[in-house]
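Data first, discussion second: the structure below is written as structure tokens.
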Amino acid sequence: MEGERIPETGRVGIVILTLLCVLAPICHASRKVIDLESGPESVIWVVQLSDLHFSVHHPDRALDFKRLVAPSLSLINPCLVLITGDLTDGKSTDLLTMKQNEDEWVEYKNVMEDVMKMSGLNKSIFYHLRGNHDNFGVPLVGGLFDFFSKYSINGQLRRRENVNSVTIQTGESKNLFVSLDSTMHVGVRGPTNLFGHPTNQLLNELEAELSQWDTQQTKLVTKIAFGHFPLSFSAFSESGKSLKDVFLKHSLSSYLCGHLHTRFGKNLKRHHQSAPYFPSSQELFQLNMQQIASQSTKNCSVGAPPLKEFWEWEMGDWRKSRAMRILAVDRGHVSYVDIDLKSGTKRTIILPTFPLDSCFMSSSSSKYKYECQHTVLSSYETVRALVFSISPIVSVVARIYDSRPGFLNLVLEAPMRKHADAASRGDLYTARWNYRAFEDPSPDRYWLQIEATDIMGRLTLTELRPFSVSGQSAKISWTWKEFFVMGCQWAALYYPIFWSALFSLLLILLVPKGLLIFSKKHYMYKTFVSKKTFINGIAWILQDLCRLPIAWFGLLGYLLYLILFPWLFGKVFTDNEKRAYMTYMGWVIKISDGSQKHEYIGSPDIMVVTLPHLFFVVLPAILVMGALAAERGVYREHILLLSGKKEGYMDQEKKISLTSKFWFVRRFIRKILLLLCMPIFWKHIKNCRSLIRAYEMNPLHFPGYSLTIPLLLVYVIFKTKGV
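The sequence shown runs 2 to 724 under my numbering.
Written out as structure tokens, the structure reads:
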């Protein structure tokens, strides 16, 4: 009671209890351990969904989620349900205004309650993450517009840390799942809210969670992390450290994420490996999906450094694709299957858990464990698969094909038996095989397919997939779009691209001007005609632009303006009257009490504004202005030539070809250049309109950005109209 004196022994006890809760993992607020008592003991499975984008403008997303996901979860009965971000959409009907909408969060909360009730699953196994859409315009976590903390399941269960972990523990293994929220700590509106922003504090917390079972060697520990942002769209911390560094250090098996949907491709997966023979350029680009070292990984000596690698598996979205993923961990072997629910719920789902797909296995560690026998070899003695079905299954068959003859030749057909367990969480089927008979240096020689037949005689087949018992990895390539979003480390590339573009534009203006002032070498139409080279043509065009001083100085001043002054000035929070300004380094934002500034929030997110403007507006505008100036010079020269009456001029006039008269006398080139101005105007107007809607401003709020290029283009068009 209040005012009651605590005895000295009681105080000591409180201090000891407090210290134990701080030091012991079980007392850690962000940690949870789940003991699975029912079988099968060797395997656990979870469900992942991502990018729900519940929207008041698209009610079908929430309706389909309740209609399709609830019965699917009831059928699968997962240990965990992971939803990796973008729970709500936060966009207007024209997709331009991006801020929080409380009605969408209320809908999300109601749908989740219905799904949990219909599926019969406990709320505590649902782990939901904040995505960038859930962070649009949120100035303060826990504040008025932080609806994630108010309505999400994580918020309701008071999981308020940026890093949370849950360990699924069976008799044979520990399976550690660690969630991380790397959204911006001050959430600005879109489109400049695109990247994950892990802080030093978050990375330290992540390391602590990933290492919590490192001292226990008695059980196999499999570590899986899940977040919203792919690593290619994750920035570096204040100290320059990345999520990849932490994952490699702690022997992660896989990182699950979302964010990119399926618009860029279905193979948005990436293998990460740390080794001295990989070049430093991998920090900027990774050309291939897999990082496969040419050196042998066999080093079975005691104290050999552990192999550092993990897979990053981006998942398709619910918004359009209606995708759901089941991921299983079978004695340390991680596998998954993606399910398309657009056509409705599935009657039967099959997930092979061993042997692994050789396209997406951690090849180096699998090879190392196999060669050095650092794994339970009994896990190799059976082909295994999980089967989920609404109807009783009467038979499951495993088939293995050999592709060496040039066609798929059936070499093994084995009936699979259901794992006997009185209280099973799901149906695991196994078939014994001689795995050593399938050892082969080729990772895609042998292919596996599982067939299940239910009591109604309906067949369900898995896709054929290659496997490698000894850990050889099959090659699979990205498309150019998949490489663009997964193979490029955009946070590291932003400033090199920005400064390269800006310096190139400055050189385009300054070098021809310098040659014009300090050198006797003047490039004109006559120079280009005598030596028709690309360099002479560009130099002639750009030097003619220098002869329009207002346009040249205007462009030079504009480039300096983009470096020294704000680009935009608008609202960046949900329903907030305060405005912020954006430079090429990010948004400068005052917090609510006005006593502090957050310098450069949203870098490199602002690249979606800066880079398209430089490459698709400024650069084309400079080239078109130079071409207009050059065309006027040629036209003037031809007019003087054609109108000359003195002796000598008529001889030169005869040399003018019909083609030259067609293009220059009638000024068809000018007309083509005027047509080329239209897409530049259109692109710039479209960009300005998007920014006006996104940040609730008018062109007068950013006149330098919005008006300079159009005014200079109009000036050059009229200036070059006559001779």
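Glycine residues also receive a C-beta, built at the ideal position from the N, C-alpha and C atoms.
Source: prediction; values computed, not measured.
| Own chain residues within Cβ distance below 6 Å of Ile45, not counting five before or after | Taken in chain order, the residues that qualify are Cys80, Ile169, Asn176 and Val330.
| task | Look up Gln653 in the DSSP assignment and say whether it is helix, strand or coil. | result | In this predicted model, Gln653 has a pLDDT of only 48, less than 50, meaning its place in the structure is not dependable; the value taken from the coordinates is given anyway. Helix.
| request: Give the straight-line distance between the Cα atoms of Met316 and Ser505, rounded to the nearest whole angstrom. | output: 38 Å
| query | With 16 as the cutoff for other CB atoms within 10 Å, does Arg101 come out buried or exposed? | reply | Here residue 101 turns out to be Gln, not Arg, going by the sequence shown. By the neighbour-count rule (16 or more Cβ atoms within 10 Å), Gln101 is buried.
| Cβ contact check for the stretch 467-480 and the stretch 346-363: 3 or more pairs under 8 Å | Yes, since at least three Cβ pairs between the stretch 467-480 and the stretch 346-363 fall closer than 8 Å, the two stretches touch.
| message | Give me the DSSP bridge partner(s) of Val388. | response | Note: Val388 sits in a beta bridge opposite Ile351 and Asp428.
| task | Identify every residue that forms a DSSP beta bridge with Ser255. | result | Ile225 and Trp312
| Three-state secondary structure (DSSP) of Phe408 | Coil.
| request: Using beta-carbon positions only, say whether Met99 and Lys92 come within less than 9 Å of one another. | output: Yes. Within cutoff.
| For Gly228, which option in Asn133, Tyr706 and Arg637 has the closest C-alpha, if you only look at C-alpha atoms? | Asn133
| said: Measuring CB atoms only, is the stretch 626-636 touching the stretch 208-227, in the sense that at least three cross pairs come out at less than 8 Å? | reply: no
| message | Tell me the rounded alpha-carbon separation between Val303 and Lys151. | response | Note that Val303 scores 49 on pLDDT, short of 50, meaning its location in the model is unreliable; the coordinates nonetheless yield the value given after this. About 51 Å.
| Where Gly558 sits in the DSSP three-state scheme | Helix at Gly558.
| Would you call the CB atoms of Phe196 and Pro605 closer than 9 Å? | yes
| Proximal residues to Gln292 (C-beta, below 7 Å), its chain only, five neighbours per side dropped | His272, His273, Gln274 and Phe279
| task | On the DSSP bridge assignment, give the partners of His272 in chain order. | result | Trp312
| task | Whole angstroms is fine: what's the gap from Leu53's alpha carbon to Leu342's? | result | 13 Å
| query | Within the chosen definition, does the stretch 388-403 reach the stretch 449-463 through at least 3 CB pairs nearer than 8 Å? | reply | yes
| request: Could you give the DSSP three-state label for Ile45: helix, strand or coil? | output: strand
| request: Scan the stretch 574-621 and note each continuous alpha helix (DSSP H) run of 4 residues or more that stays entirely inside, going in chain order. | output: 608-614
| task | Would you mind giving the Cβ-Cβ distance between Tyr551 and Val573, rounded to the nearest angstrom? I have them listed as a contact below 8 Å. | result | Correcting the residue identity first, residue 551 is Ile in this sequence and not Tyr. Between Ile551 and Val573 a beta carbon distance of about 35 Å is seen, past the 8 Å cut, so the two are scored as non-contacting.
| field | Inter-residue CB distance, Asn268 and Glu103 (contact presumed, cutoff 8 Å) | value | Contact doesn't hold; Cβ gap of about 37 Å is too wide.
| field | Span of the beta strand (DSSP E), counted from its first residue to its last, around Phe468 | value | Arg466 to Phe468
| query | Can you list, in chain order, the residues of its chain whose CB lies under 7 Å from that of Leu546, leaving out five sequence neighbours each side? | reply | Ala552, Trp553, Met626, Gly627 and Ala630
| query | Skipping 5 residues on each side, what residues in its chain have a beta carbon closer than 7 Å to that of Lys720? | reply | In its chain, beyond the 5 residues on either side, Leu549 have a beta carbon closer than 7 Å to the beta carbon of Lys720.
| query | Considering only the beta carbon of each residue, do Phe127 and Val82 sit closer than 9 Å? | reply | Contact: yes.
| request: Check whether the Cβ atoms of Pro353 and Val384 lie closer than 9 Å to each other. | output: yes
| request: Assign Ala421 to one of three DSSP states: helix, strand, or coil. | output: Three-state result, Ala421: coil.
| message | Run through the DSSP bridge pairs and tell me what Gly197 is partnered with. | response | Ser235
| query | Which class does Phe178 belong to by DSSP, given the choice of helix, strand or coil? | reply | It is a strand residue.
| query | When you compare only the Cα positions, how much space is there between Arg68 and Ser344? | reply | 12 Å
| query | Taking buried to mean at least 16 other C-beta atoms within 10 Å of its own C-beta, is Ile456 buried or exposed? | reply | Counting Cβ neighbours within 10 Å, Ile456 comes out exposed, since fewer than 16 surround it.
| request: Run the proximity test for Leu249: is its beta-carbon closer than 8 Å to any non-hydrogen atom belonging to the ligand NAP? | output: The ligand NAP is absent from the structure shown, which contains no ligands of any kind.
| Would you say Asp428 and Val388 are within 9 Å of each other, going by their C-beta atoms? | yes
| field | Residue environment, Lys224, which counts as buried when at least 16 other CB atoms sit within 10 Å | value | buried
| said: For a test of the three-state rule: what should DSSP assign to Ile456, helix, strand or coil? | reply: coil
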